[in-house]
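Residues in the sequence shown are numbered consecutively from 4, following the working numbering. For each residue, glycine too, the CB sits at the ideal point set by N, CA and C. This one's a predicted model, so the numbers in the text were calculated from it and none came from an experiment. The structure appears below as structure tokens.
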Amino acid sequence: MSDDFLERLSKQIAAMRTDLVEHIDHLQNAIGELRDEVAVNFRAGERIDRARTEIARGAAAEREEHTRTITERVAEIEQQIRRLDARVAALESKG
Numbered sequence: 004m005s006d007d008f009l010e011r012l013s014k015q016i017a018a019m020r021t022d023l024v025e026h027i028d029h030l031q032n033a034i035g036e037l038r039d040e041v042a043v044n045f046r047a048g049e050r051i052d053r054a055r056t057e058i059a060r061g062a063a064a065e066r067e068e069h070t071r072t073i074t075e076r077v078a079e080i081e082q083q084i085r086r087l088d089a090r091v092a093a094l095e096s097k098g
């Protein structure tokens, strides 16, 4: 083997090593970007889940308030009906 051959082989090995290191760096950067993207999407998913939970809680609270309001209104109407019934009965007994 000649010195020229060994020198060319050494240069090719060094070039290949440089290319491999660059390729590995590129892959590591791509993996880091993917990891960041996954983390961002995961956090976004968590925020969506929390928002859905809050909306569901709000809707449940709204339904409870609506039900309470209707119940109170029905009770008021029942009392008014009883008073009117009593007045009608009093008027009928006089007449």
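Reduced DSSP category for residue i - H, G, I as helix; E, B as strand; rest coil
| i | result |
| --- | --- |
| SER5 | coil |
| GLY98 | coil |
Spatial distance of residue i from residue j (CA atoms)
| i | j | result |
| --- | --- | --- |
| SER96 | ILE73 | 34 Å |
| ALA93 | LEU87 | 10 Å |
| GLY61 | GLU40 | 31 Å |
| GLY98 | ARG90 | 12 Å |
| THR70 | ALA63 | 10 Å |
| GLU49 | GLU25 | 36 Å |
| ALA59 | GLU36 | 34 Å |
| PHE1 | ILE51 | There is simply no residue 1 to check, as the chain begins at 4 and stops at 98 in what is shown. |
| ASP28 | ARG11 | 25 Å |
| ILE16 | PHE8 | 12 Å |
Cβ-heavy atom distance, residue i to the ligand COA, below 6 Å
| i | result |
| --- | --- |
| ASP22 | Judged by which ligands are present, the structure shown has none, so any question about the ligand COA falls away. |
> At what residue ranges does the segment 11–48 contain a whole run of the beta strand (DSSP E), taking only runs of 3 or more?
Replying inline: none
>> At 4 residues or longer, what runs of the alpha helix (DSSP H) sit wholly inside the segment 63–88?
In response: none
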